[in-house]
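There are 2 protein chains.
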Amino acid sequence: MLAVAALDATMLALADPTRRAILSRLTTGEARVTEIAAPFAMSLNAVSKHIRMLERADLVSRRRAGREHYLSLNPRPLDAAADWIEQQRTFWNHRLDALERALAEDQD
Amino acid sequence: MLAVAALDATMLALADPTRRAILSRLTTGEARVTEIAAPFAMSLNAVSKHIRMLERADLVSRRRAGREHYLSLNPRPLDAAADWIEQQRTFWNHRLDALERALAEDQD
DNA sequence: AGCATATTCAACCGTTAGGTTGAATGATGT
DNA sequence: ACATCATTCAACCTAACGGTTGAATATGCT
Chain R
891 MLAVAALDAT MLALADPTRR AILSRLTTGE ARVTEIAAPF AMSLNAVSKH IRMLERADLV
951 SRRRAGREHY LSLNPRPLDA AADWIEQQRT FWNHRLDALE RALAEDQD
Chain U
891 MLAVAALDAT MLALADPTRR AILSRLTTGE ARVTEIAAPF AMSLNAVSKH IRMLERADLV
951 SRRRAGREHY LSLNPRPLDA AADWIEQQRT FWNHRLDALE RALAEDQD
């Protein structure tokens with residue numbers, strides 16, 4: 891139950907291109923909210939909200955240093971997302987293998 | 891441009907748990923709309939809409955046989971999604987390596 | 001103390017997601 | 001021809017998303 895809900899939150903967080911860009915930015919290392927917001931053609935507030943969603947999905951964590959908030963990436967939830975996709979491909983390939991075998995039998 | 895938009899559509903389609911369940915179902919092979927809808931506690935119409943979104947993301951394609959529509963999985967767009975996630979992890983690890991080297995230097 | 005900076009909170013707005021119900025379309029079977 | 005089955009279309013609803021602006025909060029600087 892909890893694992894499923896966690897994947898839901900992760901996938902939802904990844905659905906938005908701005909949030910994906912924020913995560914990419916954070917692979918380089920920590921950054922403050924203002925720094926993260928700078929490249930985007932939207933208000934600081936909008937970016938702040940995106941960051942909050944990333945925190946809810948536990949993809950980002952926050953370290954307060956006075957008035958500055960340093961965000962950092964937490965890549966662990968990405969594992970479950972990658973696993974899900976990998977599973978789909980695995981099952982898909984199994985099915986294709988079965989199809990191939992069936993076709994081979996037809997030729998006999 | 892197009893590649894980015896395609897990833898957007900894929901990620902958006904994957905964001906919903908019902909749609910992910912539909913994709914999982916389709917790894918087994920083709921299925922009709924009614925069959926796909928059966929397990930879900932929602933109307934056929936709702937599932938039909940989800941399927942349309944999956945088609946828009948090119949994750950599912952449709953073969954009409956009389957009044958029955960057979961859906962099948964197209965896993966190719968998943969590659970880009972998996973690649974994106976893998977990139978994040980790669981960059982993240984590079985950054986950690988750099989950190990380790992920095993710490994090692996500090997000890998000299 | 002007073003001003004500037006970093007960030008969030010709160011209220012609002014337009015669009016879309018996700019669902020419903022009811023009617024329309026189109027193919028099947030008798 | 002007719003009733004049934006498979007699916008979509010259309011209209012509607014509510015909640016959430018993604019954005020805005022303006023005020024609040026808290027820290028830092030001089």
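The listed protein sequences derive, respectively, from chains R and U.
Just so we're aligned: 976 in this note's numbering is position 86 of the first sequence, and the numbers increase by one with no gaps anywhere.
Just so we're aligned: 923 in this note's numbering is position 33 of the second sequence, and the numbers increase by one with no gaps anywhere.
Glycine included, C-beta positions come from ideal geometry on N, C-alpha and C.
From a predicted model like this one, the values you see are computed outputs, not experimental measurements.
Check	Outcome
Reduced DSSP secondary structure (H/G/I, E/B, other) of residue 942(R)	helix
Cβ neighbours of residue 917(U) in the same chain (closer than 7 Å, five flanking residues each side left out)	963
Simplified DSSP assignment, three categories, for residue 910(R)	helix
Buried versus exposed call for residue 968(U) [16 or more other C-beta atoms within 10 Å across all chains shown]	buried
Host alpha helix (DSSP H) of residue 957(U) (start-end)	Run containing residue 957(U): none; DSSP gives neither H nor E here.
Between the CA atoms of residue 956(U) and residue 938(U) - distance to the nearest angstrom	17 Å
Neighbour list for residue 976(R) in chain U, Cβ cutoff strictly below 8 Å	972
Own chain residues within Cβ distance below 8 Å of residue 959(R), not counting five before or after	922, 923, 952 and 953
Cutoff 8 Å: residue 944(U) Cβ touching any chain R Cβ	no
Cβ-based burial, residue 978(U) [other Cβ within 10 Å; buried from 16]	buried
Alpha-carbon spacing of residue 903(U) relative to residue 920(R), whole angstroms	30 Å
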